[in-house]
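Residue numbers (mature numbering (1 follows the signal peptide of the UniProt record, and there is no 0)): -23 to -1, 1 to 462. All remarks here apply to the structure that follows.
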């Protein structure tokens, strides 16, 4: 988690790396290496907010302007909340503003796509339709870390909205976490009782005894010190390798202000409770629930902030820490002011009963949705089969039409071939007849006869017969004169 100070100083939080600090002189080179490693780790941390990437990039870009970075480091938190620092945005360099503009356009596009997908999933359709304006308005209310009225440029109002969104999310963080943990515990108990109800009487008795034994083992641990008390901090001091009698508030604070910003932020505070939590929770123990350990850690941090954080900025300054060590409660805390988790009832029977009724309603809704999904699936399958049948019929008709077309083409080609063959046959016969001559003899066999007939006709002063025609007498005469073969 990021610290609240940086969150308010540009809607981001300073990221921390928990490590043991020593009072001995530090090697400057080693210190520089550790600082570089810390910066790299800080850059890779996730705030857990749905707009974390946008938040981190805005912080990174704004901090590239030296003057603005100096002003935000010196600014008072109340001035940040009131929006006074946001007015300084108009004084940053032009290239910084250009980068911020691009970041905002990218974020607005992301939010619109996110909302479009959400609406599609809820309504089972694609695209925006009439009536979706209500959903868009809801999006503007939910994604309130940007100014939607101006989607193109990053202005003073955008910085204000980003700061207020993070402040609100952090204020709601503990409440949401507690409700989620409470639901987790009720689900666990509900499942345990459901399991018991399905066992035989003998097995149910054994399982109940086993559960009670695990509860006793979990509570059998050394007494936890009051969070933030002298006894608790002195144990941390000893774990740092220092003598209990040498406890010094200023030195302790400096050792555990791991990023050196003059504040103990939520992560730095929670790191102080590690020794106390180790008394109660061990990962190897079946009876110890590590989810409960993290809840206990958060409760201890919240308790210390409630007692020490006088200006309610979710951090402890050295002045606040020093003042707390001077109070009577530091050495003699009120026992009733903090109750360990294993001595606390997570929920009442009435709350569990109401929760189980809610689970029953949710289960019924799921069954109805399953029935509806099954109906839709069957309807979809039926439509798909009908569509496949239509496609198959269409394909079959196309194949038949193609086959008929091919048959017609074949018949047409055959008729064309036959017609062409008939036209070619007449000239061939005529040519053959002309080539063979009258009587079936070659043409060259008739040439002497024709010449003789022509000579006789001239001799008697007669006329020649038409070309290609000889009188019967002339033919017989010519044949008689030819020698027998």
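Virtual Cβ for every residue (Gly too), placed ideally from N, Cα, C. Remember, it's a predicted structure, so these values are computed and weren't measured experimentally.
- Under 7 Å Cβ to Cβ from residue 195, same chain only, skipping five residues before and after it: list those, please. 264, 265, 319
- Identity of the residue in 278, 328, 251 nearest residue 267 by Cα: Minimum Cα distance to residue 267 is reached at 251.
- Task: Decide if residue 273 is buried, meaning its Cβ has at least 16 other Cβ atoms within 10 Å, or exposed.
- Result: buried
- Buried or exposed: residue 63, going by 16 or more other Cβ atoms within 10 Å of its Cβ? buried
- Query: With burial defined as no fewer than 16 other Cβ atoms inside 10 Å of the residue's Cβ, what is the status of residue 547: buried or exposed?
  - Reply: The requested residue 547 does not occur in the structure, where the chain is confined to residues -23 to 462.
- Query: Which first and last residues belong to the alpha helix (DSSP H) in which residue 224 is found?
  - Reply: Premise fails: residue 224 is in no alpha helix (DSSP H) and is neither H nor E.
- Where does the unbroken alpha helix (DSSP H) through residue 468 begin, and where does it stop? Because the chain is modelled from -23 through 462, residue 468 falls outside the range shown and cannot be assessed.
- Item | When 271, 311, 395, 338 are compared against residue 158, the one with the closest alpha-carbon | Nearest of 271, 311, 395, 338 to residue 158, Cα basis: 271.
- Task: In angstroms with no decimal places, state the Cα-to-Cα distance between residue 357 and residue 147.
- Result: Pairing residue 357 with residue 147, the inter-Cα distance amounts to about 46 Å.
- Item | Beta-carbon proximity check, residue 247 vs residue 233, cutoff 8 Å | no
- Message: Less than 6 Å between C-beta atoms, sequence neighbours within five positions excluded: which residues of the same chain meet that for residue 128?
- Response: 85
- Message: Taking 8 Å as the threshold (C-beta atoms), are residue 80 and residue 36 in contact?
- Response: Not a contact, by the Cβ cut-off of 8 Å.
- Message: Quick check: the Cα distance between residue 368 and residue 31, rounded to an integer number of angstroms?
- Response: The straight-line gap from Cα to Cα measures roughly 50 Å.
- Task: Entirely within the stretch 43 to 91 and at least 3 residues each: give me those beta strand (DSSP E) ranges in chain order.
- Result: none
- Task: Sort out for me which residues DSSP pairs residue 294 with in a bridge.
- Result: In DSSP, residue 294 forms a bridge with 240.
- Message: Only counting the same chain, and skipping five residues up and downstream in sequence, which positions put a Cβ closer than 8 Å to that of residue 173?
- Response: 181, 184, 185
- Message: Would residue 299 and residue 226 qualify as a contact pair, given that the criterion is a beta-carbon distance under 8 Å?
- Response: yes
- Query: What is the rounded straight-line gap between the Cα of residue 65 and the Cα of residue 82?
  - Reply: 21 Å
- Query: Going by other Cβ atoms of all chains shown within 10 Å of its Cβ, with 16 needed for buried, is residue 360 buried or exposed?
  - Reply: exposed
- From what residue to what residue does the alpha helix (DSSP H) around residue 36 run? 29 to 39
- Task: Find the nearest neighbour of residue 286 within the set 275, 301, 41, judged by alpha-carbon distance.
- Result: The residue with the shortest Cα to Cα distance from residue 286 is 301.
- If we call anything under 8 Å between Cβ atoms a contact, is residue 303 one with residue 151? No, they are not a contact pair.
- Query: Quick one: what's got a C-beta closer than 7 Å to residue 211's C-beta in the same chain, skipping five residues either side?
  - Reply: 221, 224
- Item | Counted within 10 angstroms of its Cβ, other Cβ atoms place residue 50 as buried (16 or more) or exposed | exposed
- Query: Expressed to the nearest angstrom, what Euclidean distance is found between the alpha-carbon atoms of residue 253 and residue 198?
  - Reply: 11 Å
- According to DSSP, is residue 316 helix, strand or coil? coil
- Message: Could you tell me the alpha carbon to alpha carbon distance between residue 334 and residue 153, rounded to whole angstroms?
- Response: Between the alpha carbons of residue 334 and residue 153 lies a distance of about 21 Å.
- Excluding the 5 residues preceding and the 5 following residue 291 in the sequence, name in chain order all residues of the same chain whose CB lies nearer than 7 Å to its CB. -20, 147, 243, 282
- Query: Is residue 206 near residue 310, with beta carbons less than 8 Å apart?
  - Reply: yes
- residue 329 and residue 171 look like a contact to me (Cβ under 8 Å); what is the Cβ gap, rounded to whole Å? Contact between residue 329 and residue 171 does not hold, since their C-beta atoms are separated by about 12 Å, which reaches or exceeds 8 Å.
- Message: Once DSSP output is grouped into helix, strand and coil, what is the label at residue 309?
- Response: coil
- Message: Judging by CA-CA distance, which residue of 90, 43, 56, 326 is the nearest neighbour of residue 69?
- Response: 43
- Could you tell me the boundaries of the alpha helix (DSSP H) in which residue 188 lies? 178 to 196
- Query: Do you know how far the Cα of residue 351 is from the Cα of residue 169?
  - Reply: 31 Å
- Relative to the alpha-carbon of residue 262, which residue among 240, 191, 305 has its alpha-carbon at the smallest distance? 191
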